[in-house]
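Numbered according to the working numbering, the sequence shown spans residues 1300 to 1621. Backbone N, C-alpha and C fix where the C-beta goes; we use that ideal spot for every residue, glycine too.
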Amino acid sequence: MGRYLLRRLGFALLLVFVVSSASLLLTHLAPGDITTETAIVLDPEARARLRAELGLDRPLLVQYASWLGGLARLDFGRSLLYSRPVSSLLGERALNTAVLATAALLLATLVGVPLGIYSGSRARGIGPAVVRIVSVVGLSVPPLIGSLALVFFAARTGWLPVGGMTSAGGVELAWGQWLADLGRHLPIPVMALALPLAASLERLQSQAIASAQREPFVAASRARGLGRVAALLRHAWPVSLRPVLALYGVMIGSLFSGSFVVEVVTSWPGLGRLMYEALRARDLYLVAGCAASGAFFLAAGTWIADILLAIADPRVRTGEPS
């Protein structure tokens, strides 16, 4: 098991390198650069001077070799848009995305898992049927549509802030006031991220619990006089956790790397929003850094899923067939 996890870690590092390199090269090969995307109109001589100052006049291979040298020291270069190290920008925005992702994952778990146990343990009934229909609808709605619908709702009702992480001047608030302000800005992006995740959890948990209930040892526990709910929670649910834990690993990675649409629509200052800003400005080093961070979190999510599976199922640790 240890060697397997090490192989997966090596694959994750290779994935980060390939994705970041491809992003850097493709951004460089696309027409124009940050000097053509600036809002200030520059004459050809001024643009040439700016390109020389930023090092964009160097050949592609020279720029790539210089970037690789920095990457070996975990230095993603300097953002042309913000005039700051890319690593510091990634750290700040990753923390903001972590706040959003943690809240969304918690909400999805509190909604999806109990509903999945409920619908999977009851083959018939209006309640389980309604839960299944709502889950299918939740899986069918694209994140863009869901985000826009929630933003429209917030704008029409005025109950919640439409976008951003805090109000203007929020950094000047006291700690308790800042947390309260953050809490008012969280619901819209959190619901936009959590609803499809909750639907996925409900569907998978429902199928897993329905399959686990048919296991002989569950029937045997019922025959010994154990109640239906007790047999469900003590015996069927632990068995059904394996596919759910695997999904958690994927969700952790996708929340960090796939929150692009939600963060852009709700103006949440996370990694997705940073990637959008970098693409608009043609900031090739920032684009490469954002792509690398997204690939890292996606690979880390699958690695975490492997660890969770090994904890939940000893057969994974020993290499025995499932």
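- In this structure Arg1502 is buried. Its beta-carbon is surrounded by 16 or more other beta-carbon atoms within 10 angstroms.
- Using a C-beta cut-off of 8 Å, the region 1373-1388 makes no contact with the region 1452-1467, since fewer than three inter-stretch Cβ pairs fall below that distance.
- Counting the other CB atoms within 10 Å of its CB gives Thr1326 a total of 16 or more, which places it among the buried residues.
- Counting only residues of its own chain and dropping the five nearest sequence neighbours on each side, Val1549 has a CB closer than 7 Å to the CB of Gly1600, Thr1601 and Ala1604.
- Shown here, Pro1384 sits in a strand according to DSSP, grouped into three states.
- CA-CA distance, Leu1478 to Val1385, rounds to 27 Å.
- Proximity to Val1538 across Ile1551, Gly1309, Ser1505 and Val1561 peaks at Ser1505, based on C-alpha coordinates.
- Counting along the chain, the unbroken alpha helix (DSSP H) around Gln1506 starts and ends at Pro1486 to Ala1511.
- By the Cβ test, the region 1562-1573 is not in contact with the region 1513-1533, since fewer than three Cβ pairs between them sit closer than 8 Å.
- Separation of Ala1590 and Leu1355 (C-alpha to C-alpha, rounded to the nearest whole angstrom) is 20 Å.
- With respect to the 7 Å criterion, Ala1522 and Gly1437 are not classified as neighbours on the basis of their beta carbons.
- Between Leu1583 and Leu1353, the C-beta spacing is not below 7 Å.
- In this structure Leu1554 touches Leu1492 by the C-beta definition: roughly 7 Å separates them, less than 8 Å.
- Ala1509 places its beta carbon 7 Å or farther from that of Val1318.
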